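Trainee: Below is one structure. I have some questions about it.
Protein chains in written order, with the working numbering: chain A, 1 to 115; chain B, 116 to 231.
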């Protein structure tokens with residue numbers, strides 16, 4: 001079965017420090033991977049995606065993610081966290097078994113950045 | 116570009132009534148729209164997939180007679196929660212795929228439904 005795992009319910013980081021939000025996946029075929037951010041009572045905002053090409057993907061708001069095929073991981077990173085980065089982060093993979101290309105989401109990781 | 120809106124942003128209704136949620140792609144044509152449900156502090160669960168002009172495909176366990184989905188045009192899909200009950204209270208989010216864009220989904224801001 002295809003799935004996405006975000007092993008951490010919450011990540012706490014001090015402002016200015018680097019942050020990592022972890023994601024691992026299990027899919028059949030080549031993975032199409034996505035990161036989204038959700039602020040309270042809001043929809044999802046797209047951060048970045050990996051389809052093919054360079055393993056290091058740069059996205060919005062200074063975020064980046066590294067695709068690691070051997071470890072089946074796609075961790076989200078940022079060199080210097082901001083308090084405004086505090087939000088809920090979702091990793092997702094495209095469902096190759098479905099005909100419509102829907103996404104399978106991880107459970108989400110709450111990022112808390114303290115001043 | 117690629118903006119998706121939802122209306123209303125929040126709604127309170129009484130048990131037994133029906134409520135309609137609209138999902139619109141404002142600046143692109145959406146061949147496929149998805150409806151998700153999100154419980155507090157949980158992930159998004161796909162409810163159904165709709166294609167313009169055809170019947171929606173529902174995920175296992177989702178009652179199609181309760182959650183009516185209509186995708187009447189390339190810019191509008193609606194979700195109607197019929198005979199709503201308190202357990203239907205949730206955050207409903209739609210997303211849309213742009214014609215010719217195979218990989219990306221564009222999400223609406225969500226609709227908070229509270230059934231009293």
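For glycine and all other residues, C-beta sits at the position ideal for the given N, C-alpha and C. Please read these numbers as outputs of a predicted model, since none were measured by experiment.
Touch check for the region 105-115 of chain A and the region 120-129 of chain B: three-plus C-beta pairs under 8 Å?
Mentor: Segments in contact, no.
Trainee: Tell whether a beta-carbon distance below 8 Å holds between residue 212 of chain B and residue 171 of chain B.
Mentor: Taking 8 Å as the Cβ cut-off, residue 212 of chain B and residue 171 of chain B do not qualify as a contacting pair.
Trainee: For residue 14 of chain A and residue 21 of chain A, I'd like the C-alpha separation in whole angstroms.
Mentor: Spanning the two alpha carbons is a distance of roughly 14 Å.
Trainee: With a threshold of 8 Å between beta-carbons, can residue 78 of chain A be considered close to chain B, or not?
Mentor: False, the Cβ-Cβ gap to chain B never drops below 8 Å.
Trainee: Considering only residues of the region 63-112 of chain A, which uninterrupted beta strand (DSSP E) runs meet the minimum length of 3 residues and lie entirely inside it, listed in chain order?
Mentor: Segments of the beta strand (DSSP E) lying fully in the region 63-112 of chain A: 64-68, 73-78, 87-94, 103-105.
Trainee: Label residue 164 of chain B either buried or exposed according to how many other C-beta atoms from any shown protein chain fall within 10 Å of its C-beta, with 16 as the threshold for buried.
Mentor: By the neighbour-count rule (16 or more Cβ atoms within 10 Å), residue 164 of chain B is buried.
Trainee: In terms of residues, what are the limits of the beta strand (DSSP E) holding residue 24 of chain A?
Mentor: Its beta strand (DSSP E) spans residues 24-26.
Trainee: Tell me where the beta strand (DSSP E) around residue 177 of chain B begins and ends.
Mentor: Here residue 177 of chain B belongs to no beta strand (DSSP E), and DSSP marks it neither H nor E.
Trainee: Is the beta carbon of residue 133 of chain B sitting closer than 8 Å to the one on residue 195 of chain B?
Mentor: Their beta carbons are under 8 Å apart, which means residue 133 of chain B touches residue 195 of chain B by this criterion.
Trainee: Report the neighbours of residue 102 of chain A on chain B: residues whose CB is nearer than 7 Å to its CB, in chain order.
Mentor: What residue 102 of chain A touches in chain B: 149, 161, 164.
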